[in-house]
Amino acid sequence: MTTKPLVGSQPQRPSQRSLNSNITSRSSPQRGLSSTSPTRRHNEALIDLTLDMPDSASLRYGQTSRAGGSRLKQEISNESRSSSQGEASRSTPSNIISNRQSLCPRGRPQLHSDVLRTRASKSSLTSDQNYNQISAKSFPLPVRPGQHAPPSIYKPGPSTGSSGKKDARPKPWVLEVPAAAPSYSPNGHADFFPWNGNHPEDQFSEHVIRQGFFDKSQMSQNETGSAKASIYPSLKHKSGMTTLSSLFSSVLAQRRAHGNITASSTFKPPPRVTVTDTKREIWLKDLANPTISLRRLSRSIPHGIRGRVLLEHSLNKNIPIERAVWLAKCVGANELRSFKRKGASGAFAMGGEAKWVRDFTVCVEQVLESIIGTCGEKDFRRRIYYAIRLAAHFHSECLIDREHYIDWILSSLEATSQPKLPIWLLISQVYWEDILKYRRFGRRLTTTLLNRFSEAIQHPDADILGPLNDRLRLLINKLMISNPDNFVCPEVWSKHSEILQVHLDYSNELPTTRWDEINRRNIRLTTLAPEAQHPPRQRLINILDKSLFTLFTPEVIESCWQLDDDKTTLIHAVLDWSTSFYRPGNAKTFIGARIIRSWSKMGAEATAAILSFLDSSACEFGRNKSSFYHLVSELARSNDFCIPTYLQWLISRGGIHDQADLAPDGPCGTRLLAELPIHDVSGEIVALHRTLICRADYPIDLETHKIAASISVVRNVLHMIPITSERQSPLVNYGINSLDGIRSLSRASKSHIGFWLRRELELQMLPSSTALNEWDISPMTREASVLTAITFGAVRDYLEIIEDFSMLADVIKIATASTDHQVIASCADTLNMHAEIFAAIGAAKGLFDVLLSRARSFADDRDIMPRVMLTSLLDLSSRIPQNQNLTAQLSRQLALSDRKYVADACSPISDHMSGVSQNNEAEFVDEIEKLLANGTSIDQGTMERLFQRVAHHLSISWDKSPEQQRKCVLLLTTLRDFNPHSFDLLMASWLSYVQKLGHRPSMIKICGPLIGLGCLSMKDLVHTCLKTETAESIPTQRSDNIVIMELLALIATPVTVPEVLTSDEAYRLRLLQSRMQTDNPELILTVIRSAIEACSIATHDMPSIAPHPLDVLGGSAMHDLLQTLVLTSADMTSKILVLPSSSASTNQEASRLTATLIDKLLVPTSQTDASNLSVGDTLKSVNYLNLPFCQLKVASTFRSGEIFPGHFSEHGLSSAR
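Here UniProt numbering is used: the first residue of the sequence shown is 1, the next is one more, and so on.
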């Protein structure tokens, strides 16, 4: 151990060795800071400042340390260091550390004992031992930032070689500032005072010697004592808190002002330089190396590293996350700078920045998707971990579009497969807080988690998915506790609430409490929820109403089956809807039969449900009994309704005692006995049926005679039609009108006639009596058919009269074997006319495929499909779903057919006009027909002249020759093919002229042939008539009223012009009427409104050519049309039909007629008294079936300003709610 030297003694310094063992520095004489001052020498004895060991700062920043002593000693020391520089540069960094002096703890002055301990250790160890010892010591604490200035970088001058002459002369000593002295620009260097002999530190006293010297700050009593005496008197006043608040506010304001960076940014993004691929790879590898500073890499950035390339390089080279983010920022800054360099500013610059952010976001999403797609491959874990971290940093640095990115995450979470669901859950949890900040994102996340949880719980392998179920359950519980508002969605909650309640964490009371709260809030909003919260009966009726006016699909059967577990109630609802008076047409009957037939195969008891429906009171209220008997008959045909069970049920009720029980207006349960078809049941059932029906004195023999008479008439009519493929004259009438009595037959008789017609046509087409289900439709096996279009039309009309569309579907299938293209076209028109019914039967798609195959066989035989067949198939294909490509193909074939027809002509039509003008009137039609057949084109002037000539002859032929009228219409149809647009304008002008004629036929006789032969569209006719009505003045109001009534009759009533149109053309006209009613409800309602106003003005002043207004408005066809319009377009009906008629500008007669029409919609046809129906009675009788009509009645009553009758009470309003 070393003893403490006496004060004033000078310890001996041991000799020091340099880094090079061959070069040893001599110990030079030691000089103090002052050789004259004894006080200074006395201080040197305490603290030695002349150590040769370099300080740490000097070695770190490349500077030589300055030791105390003479200038000569410093020069000698520098020479020794320069001589050992080569060897020291090759040494390890530990050699440099070994030469560092051990520093004292920061904040404590170096004591004399520390100096002695250091010297002793240096003198007793060799250089290698010094290295081992010093390297084992811990490094000194780093310099505290902000309190010491960084040392200046030492820049050594050019070293002189050994050959240069050294200046060995002594130099005067100059005081230098220590390198470690903190520097402050206003005050110089802190704690550094050059010695001049009069500094307080240089004055020794007993106190300084014993306790040391330290600066004493001048502190007042206020600073060292309590501040209460100064502040409390100010706080005692009323304004004390205000003063204190302003004081703190000013302090915070000053702090904010001094803390802001006011200087403008001098940062410039590193420029991009075009380099080779090798240099780019080297630069990227240097970026991935964290030991290489960014200062060197930021001099330039290789060009071409951006977007997805940047992300893939970062991923493949494993670039540190912070450096990858730095690179993305630099690339983005360069992109925006290049955009601004192009001259964009303001909003355009912001748009460019948003575009770059959006594009970069898409790149990040694509990279993440590609990595997730490689799940299970090599190195996947490292890649996905890196990609998730990198994307999270981009998100936090706002380098991507946050909303777009979160929306992408949620969309991926919704659409991902179950094996990849865990990784998407992990990604979504990274952005959990950001997702839940927005209600729209939080609700989507909640809905997705609930859907996924329900799927996993109900999965067949739920036990294997246990960890996934547990994770989803934890996330949902966390959401319920933290964000219960996201669960407030009645539609979603109703689907998953029960499953969620079963799997709640009951060990904790909080999730259960939150579930009850969420459930209560959703129940409160159920009245605002969509139809999912409505009763099953109402939802069933809404689904069936939608399928009534569109083509029926099998999905409707399954969706209705899932509405309720009580299948009997569902069957009752279907029976009520399909046989209701409040639904028009025959499609509802076949839809109900199809649904019940399918449910019977799924396990439902159809017969028991129908019998229980017969026992209920609903069977007798608002029932269309003919539809009910038809429905049951269809089910009996397919053996889905058991006739023996019904007979047993009837016997158990006591049988039939009175003839009134079997009357047409009798109870449905007993009348059904006379309506059931029994022609294909066993003999025992026929005998039992006859026994029961004869007990009530029912004229069964008379019914049998009517059936035989009807069949005889039909057979005679069919035998009178010549069996030939040549088209007969359109004036032939095969006696359908004489069979109106067939409509009054029972359903059993109609079914018998329909079965007989199908069998007769089958025998005629297939003489070998091949069964229908064994019929081969291939053209090679089919014999020459003798079925003509007239025969098919007659059979079709009979089946439509008896409403046996099941047999009509079979007849269409049989008729497709015909070799007459007109028969195929008639089959297509029939299928198009009743497309909703055939779709409900399930035969629409199959029949369409058969017709299409037959049409293609015609095209193969004749190189092109006949135009009439092509037109019919084109109209039909547009109604069959998922046939857009086929419809486009048929349209191209039709256009090709028209071009080929034109190409067969030889010259322009105008070349032959001079010869036509010289012919007499008798030969005019034939000459024009030849002219149009031989022409290739036509100019506008020629078309106008031809149109005027043909229209003139057409107007002459109205009262003279129907055959001449037909020829003129056909000429106009041919003329229209040359230029449809110009022709339609000429036709509209001519129709406006015809409407003003004082003596003319009915518009039905004028426009019916034009529409049926394709010369005029019904929509253009309606537009022309309505436009003429608006433009005309008051003196022509009477003629306008006549035109409107004729137009309504042309739209809503069956039109037959047997003198001009054939049966197929008249059927085509009916088809166009039907399509007009369903495709243009707004135009139809406008015509009806105008007709009501016209009828109210001049009811008794109508000419004989126009139909009576009340016959048109009060007919059955108008009743069905109004029902269809209300069910499909209730709001439009109320807006167009009710509101204008209820306004003050119209007379009371129009309001009365409107009210009468609406009342007839609410009252069944069996109840003839439909007048004075009050709103109170309407509300008392409201149900789900007549609800749209009741709403229309209430709307018309309130808008017309009528006063409720006295019996309208609050009970009616309450029942309507």
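Where a beta carbon is used, it is the ideal one built from N, C-alpha and C, also for glycine.
Could you check if residue i is buried or exposed, using at least 16 other CB atoms within 10 Å of its CB as the buried criterion?
i	result
L111	The predicted model places L111 with a pLDDT of 42, which falls under 50 and marks its position as unreliable, so this point remains unresolved.
I824	buried
N486	buried
H237	exposed
E558	exposed
Q501	exposed
S806	buried
E555	exposed
H395	buried
Do you know offhand how far residue i's Cα is from residue j's?
i	j	result
E952	V969	As written in the sequence, residue 952 is His, which differs from the Glu given in the question. In a straight line, the C-alpha of H952 is about 12 Å away from that of V969.
D215	H207	13 Å
F1198	A809	47 Å
W173	S293	41 Å
Q366	E281	23 Å
I1092	C560	40 Å
N522	P484	11 Å
E803	G1176	37 Å
D463	F267	59 Å
R583	S749	25 Å
T24	P178	Any reading at T24 is ruled out, since the residue's pLDDT is 38, under 50, leaving its predicted position unreliable.
S633	P677	6 Å
T1168	R1000	Residue placement at T1168 cannot be trusted, given a pLDDT of 47 that sits under 50; the coordinates are not used to answer.
Y734	A573	At Y734 the pLDDT is 44, less than 50, meaning the model places this residue with poor confidence; the figure from the coordinates comes in the next sentence. Approximately 43 Å between the Cα atoms of the pair.
K478	N508	12 Å
D640	E1065	39 Å
Q101	A180	Reliability of the predicted coordinates at Q101 is poor, the pLDDT of 42 falling under 50, and no value is obtained from them.
Could you tell me whether the Cβ atoms of residue i and residue j are closer together than 8 Å?
i	j	result
M869	H834	no
L540	L570	yes
K625	W599	no
H657	I707	no
L548	V492	no
L1013	T974	no
D984	D1020	yes
A593	L635	yes
Would you mind working out which of the options sits nearest residue i, comparing C-alpha positions?
i	options	result
T589	Q562, Y629, H572, E414	Y629
S338	V325, W326, E353	E353
K1135	A1195, Q1123, M1118, E1149	A1195
I384	G351, L1010, I427, W283	I427
V1055	P511, F204, Q1073, I1042	Q1073
E963	M943, T1062, N519, D407	T1062
R759	V795, S249, G741	V795
E1082	S1002, N196, L672, H1023	H1023
D1048	M987, L1113, R1068, L991	Checking the displayed sequence, the identity of residue 1048 turns out to be Leu instead of Asp. Of the candidates M987, L1113, R1068, L991, the one whose C-alpha sits nearest the C-alpha of L1048 is L1113.
R623	D665, I693, K601	D665
L631	N586, T446, H679, F947	N586
R299	E322, H313, V273	V273
Just verifying my parser: in three-state terms, what is the DSSP assignment at residue i?
i	result
S246	helix
T1197	helix
H679	coil
Q147	Residue placement at Q147 is poorly supported in this model, since its pLDDT is 49, which falls under 50; the coordinates still yield a value, given next. It is coil, neither helix nor strand.
P467	helix
K73	The predicted position of K73 is uncertain, since its pLDDT is 48 and thus under 50; no value can be drawn from it.
G197	coil
S769	The predicted model places S769 with a pLDDT of 43, which falls under 50 and marks its position as unreliable; any figure quoted below should be read in that light. If DSSP states are grouped into helix, strand and coil, S769 belongs with coil.
L59	Per-residue confidence for L59 stands at a pLDDT of 39, beneath the threshold of 50, marking its modelled position as unreliable; no derived number is given.
Any heavy atom of the ligand GDP within a distance shorter than 7 Å of the CB on residue i?
i	result
R439	With respect to small molecules bound, the structure shown includes none, and the ligand GDP cannot be examined in it.
Answer yes or no: does any C-beta atom of chain B fall closer than 8 Å to that of residue i?
i	result
L787	Note that chain B does not occur in the displayed structure, where there is just one protein chain.
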